[in-house]
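In the working numbering, the protein residues as written are 3 to 467.
Okay, here's the thing in structure tokens:
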């Protein structure tokens, strides 16, 4: 029998949605396009379609939201997400399936236990832990195929700056929140002049991030976004609402990749201005270049797709050996009916999940607003206290000014009194002077003064003689 590398397979890929550009949606897109390029026939299925579905259709990959549209059973089901995988498994009971777990927390990542699901794959070691702790699964049916990056799309930058001058906050949870403000403030203190945001949460979803990632020295991201940024040559600081994972370096890149740069890696510290600044100080252009080279060698999509094709072949061989293809027409009919029922249920359950997600977002937003309000109240209290201190200082200054004004008024009154006395003394002296002047005039005009004056002149003449 020819293996999956040489024969052309019809592969049904399922996902919770094919609407917005998120992690598992983009995983399906990349896998479908890569399988198509290798000559296979991928088909994408979800009950919720949108932008990603349209992108796949433009690339000639069939996309369906009703499994009855697929008239020929697939060779294998590449199942992502609980409801969609089970919908496909029940609709095609003669087809073996693989379930792929992409997350530790979301309910849709709960692995379904079913006979035709022959193997379970985690995209990182934490997802494998979820599989390994699921009742009914055998360890021999578990494996890990780490997340990957398309190196044909994400080219490596040519140069690295010695000091970072630009940064990007990259991911769908980025937006106007305290975490973003902390990152921006830390970047400003680190001398980073340009800080941009890309992601649906900021209303700035980037369909082709490969066109911009090479423009940034530092990228704040997690999971797939972190992988793409590192492959492009950026220094990556793993961060999200879950916390701060820190700068990816050659010392930690292997361990962090094994956890998909995800939630378990982001428990080192909260995202604050000071913690982010500490990580920015660890920027090293040489190390960033080495990390990028390591990622491009270890996380190449081509190698991952080859592993997937090998796993498809192994699972199909096991399925055929177990003779699971011999099913009655009645069971086939019942399975299709069960699949239709599950499909009808999917819309309701996903709507509920969407409501729960929106509730979580609202709770998160409420928490962030409460934090902002608390910070504003603290700031207001500080400013109120400052205003009270200033008012007290102003009152002291007013009292001092009033005292000085009183002293000045008293001094002015004393000065005026003394000036008045001096003026009175001057008037009296002037009157006395006038009286003396009158007396002098009287003396000078008297006959006695004239005789005495003449006698004095004669006496002076005799003395000279």
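Cβ atoms here follow ideal geometry from the backbone N, Cα and C, with glycine treated the same way.
| query | Given a threshold of 16 other Cβ atoms within 10 Å of its Cβ, counted over all protein chains shown, does residue 395 qualify as buried or as exposed? | reply | When all chains shown are included, residue 395 counts as exposed.
| request: Please report how far the alpha carbon of residue 232 lies from the alpha carbon of residue 366, in whole angstroms. | output: One alpha carbon belongs to residue 232, the other to residue 366, and they sit about 29 Å apart.
| query | Given 8 Å as the limit, is there contact between the stretch 301 to 314 and the stretch 140 to 157, that is, 3 or more CB pairs closer than that? | reply | The stretch 301 to 314 is in contact with the stretch 140 to 157.
| said: Considering Cα atoms alone, identify which of 204, 236, 225 and 196 is closest to residue 215. | reply: Nearest of 204, 236, 225 and 196 to residue 215, Cα basis: 236.
| message | Quick check on residue 315: buried or exposed, where buried means 16 or more other Cβ atoms within 10 Å of its Cβ? | response | It counts as buried.
| field | Enclosing beta strand (DSSP E) for residue 213 [first to last residue] | value | Residue 213 -> no beta strand (DSSP E), and no H or E assigned at all.
| query | Since residue 500 sits in a beta bridge, which residues does DSSP pair it with? | reply | In the structure as shown, the chain starts at 3 and stops at 467, and residue 500 therefore has no counterpart that could be examined.
| task | Tell me whether the beta-carbon of residue 92 lies closer than 8 Å to the beta-carbon of residue 341. | result | Yes, these two residues count as a Cβ contact at 8 Å.
| message | Can you list, in chain order, the residues of its chain with a C-beta nearer than 8 Å to that of residue 468? Leave out the 5 residues immediately preceding and following it. | response | The displayed coordinates of the chain run from 3 to 467. Any statement about residue 468 would go beyond what the structure contains.
| query | If you run the structure through DSSP and keep just helix, strand and coil, what is residue 178? | reply | DSSP places residue 178 in the coil class of the three-state scheme, outside both helix and strand.
| field | Span of the alpha helix (DSSP H), counted from its first residue to its last, around residue 29 | value | Run containing residue 29: 25 to 39, per the alpha helix (DSSP H) assignment.
| field | Assigned secondary structure, residue 203 (DSSP; H/G/I helix, E/B strand, else coil) | value | DSSP places residue 203 in the helix class (H, G or I) of the three-state scheme.
| query | Can you tell me whether residue 381 is buried or exposed, with buried defined as 16 or more other CB within 10 angstroms of its CB? | reply | It counts as exposed.
| task | Return the first residue and the last residue of the alpha helix (DSSP H) that residue 86 is part of. | result | From DSSP, the alpha helix (DSSP H) with residue 86 extends over 84 to 93.
| task | Report buried or exposed for residue 386, applying the criterion of at least 16 other Cβ atoms within 10 angstroms of its Cβ. | result | In the assembly as shown, residue 386 is an exposed residue. Its beta-carbon has fewer than 16 other beta-carbons within 10 Å.
| task | Run the CB neighbour count on residue 178, radius 10 Å, all protein chains shown included, and call it buried at 16 or more, exposed below. | result | So residue 178 counts as exposed.
| said: Using a 10 Å radius around the Cβ and a threshold of 16 neighbouring Cβ atoms, would you call residue 76 buried or exposed? | reply: By the neighbour-count rule (16 or more Cβ atoms within 10 Å), residue 76 is buried.
| said: Let me make sure I understand the geometry here. Which of 109, 114 and 105 has the alpha-carbon closest to that of residue 90? | reply: Of the candidates 109, 114 and 105, 114 places its Cα closest to the Cα of residue 90.
| task | Taking 8 Å as the threshold, find out whether the stretch 169 to 186 comes into contact with the stretch 138 to 149 through three or more Cβ pairs. | result | At 8 Å Cβ cutoff, the stretches do not touch.
| query | Cβ of residue 290 within 8 Å of Cβ of residue 162? | reply | Between residue 290 and residue 162, the C-beta spacing is below 8 Å.
| field | Residue span of the alpha helix (DSSP H) that contains residue 289, given as start and end | value | For residue 289, the enclosing alpha helix (DSSP H) stretches over residues 287 to 300.
| field | CB contact flag (residue 45, residue 12, <8 Å) | value | It is a contact, given that the beta carbons lie within the stated cut-off.
| task | Could you tell me which residues DSSP puts in a beta bridge with residue 249? | result | Answer is 239.
| Contacts around residue 186, its chain only, beta-carbon distance under 7 Å, and the 5 residues preceding and following it disregarded | Correct list, in chain order: 197.
| request: For the beta strand (DSSP E) holding residue 20, just list the boundary residues, first then last. | output: No beta strand (DSSP E) contains residue 20, which DSSP labels as neither H nor E.
| task | Sort 17, 452 and 25 by Cα distance to residue 223 and report the nearest one. | result | Residue 25 is the option with its Cα nearest to residue 223.
| query | Based on the DSSP secondary-structure assignment, which residues constitute the bridge partners of residue 79? | reply | The bridge partners DSSP lists for residue 79 are 14 and 99.
| How would you write the range of the beta strand (DSSP E) that residue 48 sits in, first residue to last? | Per DSSP, residue 48 belongs to no beta strand (DSSP E) and is neither H nor E.
| task | Measuring alpha carbon to alpha carbon, tell me which of 88, 292, 78 and 127 ends up nearest residue 97. | result | Nearest of 88, 292, 78 and 127 to residue 97, Cα basis: 78.
| Minimum C-alpha distance to residue 36 - residue among 322, 116 and 307 | Nearest option by C-alpha distance: 307.
| request: With residue 278 as the anchor, note down where its alpha helix (DSSP H) starts and where it stops. | output: Under the DSSP assignment, residue 278 falls in the alpha helix (DSSP H) whose first and last residues are 275 to 282.
| Sub-8 Å separation of residue 278 and residue 410 beta-carbons | In terms of Cβ geometry, residue 278 and residue 410 do not form a close pair [threshold 8 Å].
| field | Beta carbon of residue 83 nearer than 8 Å to that of residue 18 | value | Yes.
| Between 356, 164 and 398, which lies nearest to residue 285 when the distance is taken from Cα to Cα? | In this structure, 164 is the residue among 356, 164 and 398 with its C-alpha nearest to the C-alpha of residue 285.
| Proximity below 8 Å, CB of residue 313 to CB of residue 100 | Taking 8 Å as the Cβ cut-off, residue 313 and residue 100 qualify as a contacting pair.
| Cut-off 6 Å between Cβ atoms - residues of its own chain near residue 124, not counting five sequence neighbours on either side | Hits under 6 Å: 103, 130, 133 and 146.
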